[in-house]
Amino acid sequence: MNIVFFATPDFAIPALDAILKSNHRVVAVVTNTDKEQGRGKKISFSPIKKFALENNLNLLQPEKFKDTKFIEELKLLDPDVFVVVAFKILPKEVFTIPKYGSFNLHGSMLPKYRGAAPIQWSLINGDTETGLTTFFLKETVDTGNIILTKKITINNDDNFGSLHDKMSIAGANLVIETLDLISTNNFSPKAQDNSIASPAPKITKETCLINPNKTATELHNLVRGLSPYPGAIIVHNGKSYKIYKTAINNTIKVNEGEIVTSKKEIFLGCKNSVLQILEIQPEGRKRMFADEFLRGYKF
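Counting from 1, position 218 in the sequence shown corresponds to residue 217 in numbering that gives the first Met the number 0; the numbering is continuous, with no gaps.
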């Protein structure tokens, strides 16, 4: 089948690579336009663009998806399917072009965690299991009929980085399975039950703030869900510190909201519990272990 692949981040690279190695044909890759970054305004482009250039793939970077020229370009490619992985919302004029429609790879077991940050919220909420879903696109985001799902175990030591990578690889396999089913018309899409849907909104600065009014377990899961990016934040004496790794400590007592340190350890008093901070990053400095931090800083 002729595939047009829509994606931006590195999460999508294994899926695109798997399609290239399959019996399906990538006729184009669509990604974000290039951006200026930093004071020097250097041009940066998406991980998917870098991969596409390295593999000599036909690359499209439209500024507007409803642009007539872009839509005509897509139609001339004679696509069978559009595959969408971690990308922007496509208008109906675009996702209805292919012969067999367009499907998305989503980082949860839909309808659970509809939205921009399903992997992060599954960790923040302390889930022990999550999953992946391929589904046909509809105008309402993340509501289309489900093609395939795959469960993923969340280990106790998983954070956003490790779970992201695990799901990226598993997602590549699910995309190929989905394409094979579509090519043989050997599947029965299943409607989502909207009554059990839950949101996974975009991560904001407010999401990242560590609030000691919560339990150590809740804050430990928050740190896991935001590590290594964008990082949970604790504010103390007007300064912000990013926290990347923690543990729940039941051996000492610390008042709620209080920070206590030894020569090598940092403890935060939480609601009925204590959170031990293991990895921390002061503003404008590198990430470091607690003992390293305490050799040069004091709370």
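A virtual CB, placed ideally from N, CA and C, is assigned to each residue, including glycine.
Worksheet entry | Where residue 30 sits in the DSSP three-state scheme | The sequence position of residue 30 within the sequence shown is 31, counting from 1. Coil at residue 30, not helix or strand.
Item to complete: Kindly indicate which three-state DSSP category residue 3 falls into: helix, strand or coil?
Response: Stepping through the sequence shown from its first residue, residue 3 is reached at position 4. The answer is strand: DSSP assigns residue 3 an E or B state.
Discussion item. Are the CB atoms of residue 114 and residue 229 within a distance shorter than 8 Å?
Written reply: Taking the sequence shown and counting its residues from 1, one reaches residue 229 at position 230. Taking the sequence shown and counting its residues from 1, one reaches residue 114 at position 115. No.
Worksheet item: So the alpha helix (DSSP H) residue 93 belongs to, where does it begin and stop?
Response: Reading the sequence shown from its first residue, position 94 is the one you call residue 93. First-last of the alpha helix (DSSP H) with residue 93: 91-94.
Worksheet item: How long is the line joining the alpha carbons of residue 248 and residue 85, rounded to whole angstroms?
Response: The count along the sequence shown starts at 1 and reaches residue 248 at position 249. The count along the sequence shown starts at 1 and reaches residue 85 at position 86. In a straight line, the C-alpha of residue 248 is about 37 Å away from that of residue 85.
Fill in: Span separating the alpha-carbon of residue 126 from that of residue 219
Here residue 126 is taken as the residue at index 127 of the sequence shown, counted from 1. Here residue 219 is taken as the residue at index 220 of the sequence shown, counted from 1. For residue 126 and residue 219, the distance between alpha carbons rounds to 13 Å.
Worksheet item: Going straight from the alpha carbon of residue 91 to that of residue 60, what length do you get?
Response: Counting from one through the sequence shown, the residue named residue 91 turns up at place 92. Counting from one through the sequence shown, the residue named residue 60 turns up at place 61. Spanning the two alpha carbons is a distance of roughly 18 Å.
Discussion item. Using a Cβ-Cβ cutoff of less than 6 Å, which residues in the same chain neighbour residue 239 once the five nearest sequence positions on both sides are dropped?
Written reply: Position 240 of the sequence shown, counted from the start, is the residue given in the question as residue 239. Hits under 6 Å: 232, 282.
Fill in: 6 Å Cβ shell around residue 257 - same chain, five flanking residues per side excluded
Along the sequence shown, read from residue 1 onward, the residue named residue 257 stands at position 258. Only 268 meet the Cβ criterion.
Item to complete: Run the CB neighbour count on residue 138, radius 10 Å, all protein chains shown included, and call it buried at 16 or more, exposed below.
Response: The residue given as residue 138 occupies position 139 in the sequence shown. So residue 138 ends up on the exposed side.
Item to complete: Let me know if residue 244 comes out buried or exposed under the rule of 16 or more other beta-carbons within 10 Å of its beta-carbon.
Response: One-based indexing of the sequence shown puts residue 244 at position 245. Label assigned to residue 244: buried.
Discussion item. Using the Cβ count rule (16 or more neighbours within 10 Å means buried), how would you classify residue 82?
Written reply: Position 83 of the sequence shown, counted from the first residue, corresponds to residue 82. Buried, because 16 or more other Cβ atoms sit within 10 Å of the Cβ of residue 82.
Item to complete: Count the CB pairs spanning the region 4-21 and the region 43-61 that are closer than 8 Å, and state whether there are at least three.
Response: Segment contact: the region 4-21 against the region 43-61, three or more CB-CB distances shorter than 8 Å; contact assigned.
Item to complete: Could you work out which residue in 100, 13, 152 is closest to residue 143 when comparing CA atoms only?
Response: Locating residue 143 in the sequence shown gives position 144, counting from the first residue. The closest CA to that of residue 143, considering only 100, 13, 152, is found on 100.
Discussion item. Can you tell me where the beta strand (DSSP E) holding residue 70 begins and where it ends?
Written reply: For this step, residue 70 is matched to residue 71 along the sequence shown. Run containing residue 70: none in the beta strand (DSSP E); it sits in the alpha helix (DSSP H), 67-75.
Fill in: Which of helix, strand or coil DSSP assigns to residue 105
The count along the sequence shown starts at 1 and reaches residue 105 at position 106. In this structure, residue 105 counts as strand in the three-state DSSP scheme.
Worksheet item: Can you give the Cα-Cα distance for residue 217 and residue 260, rounded to whole angstroms?
Response: Numbered from 1 along the sequence shown, position 218 holds the residue referred to as residue 217. Numbered from 1 along the sequence shown, position 261 holds the residue referred to as residue 260. Answer to the nearest angstrom: the Cα atoms are 21 Å apart.
Worksheet item: Expressed to the nearest angstrom, what Euclidean distance is found between the alpha-carbon atoms of residue 12 and residue 19?
Response: As a position in the sequence shown, residue 12 is number 13, starting the count at 1. As a position in the sequence shown, residue 19 is number 20, starting the count at 1. Cα to Cα, residue 12 sits roughly 11 Å from residue 19.
Item to complete: With DSSP as the reference, label residue 23 as helix, strand or coil.
Response: Translated into positions along the sequence shown, residue 23 becomes position 24. Of the three classes helix, strand and coil, the one that applies to residue 23 here is coil, per DSSP.
Worksheet item: Are there three or more Cβ pairs, one per stretch, closer than 8 Å when the region 152-160 is compared with the region 182-195?
Response: no
Practice prompt. Could you tell me which residues DSSP puts in a beta bridge with residue 189?
Written response: As a working mapping, residue 189 is identified with position 190 in the sequence shown. Residue 189 pairs with 145.
Item to complete: State the Cα-Cα distance for the pair residue 274 and residue 241, rounded to the nearest angstrom.
Response: As a position in the sequence shown, residue 274 is number 275, starting the count at 1. As a position in the sequence shown, residue 241 is number 242, starting the count at 1. For residue 274 and residue 241, the distance between alpha carbons rounds to 14 Å.
Fill in: For residue 160, the first and last residue of its enclosing alpha helix (DSSP H)
As a working mapping, residue 160 is identified with position 161 in the sequence shown. Start and end: 159-183.
Practice prompt. Pull up the distance between the alpha-carbon of residue 206 and that of residue 78, whole angstroms please.
Written response: Against the sequence shown, residue 206 aligns to sequence position 207. Against the sequence shown, residue 78 aligns to sequence position 79. Distance between the alpha carbons of residue 206 and residue 78: 40 Å.
Discussion item. Can you tell me where the alpha helix (DSSP H) holding residue 205 begins and where it ends?
Written reply: As a working note, residue 205 is residue 206 in the sequence shown. Start and end: 204-207.
Practice prompt. Just confirm the distance between the C-beta atoms of residue 225 and residue 159, as a whole number of angstroms; I'd bet it's less than 8 Å.
Written response: As a working note, residue 225 is residue 226 in the sequence shown. As a working note, residue 159 is residue 160 in the sequence shown. Indeed, because the Cβ distance is near 6 Å, the residues count as touching under 8 Å.
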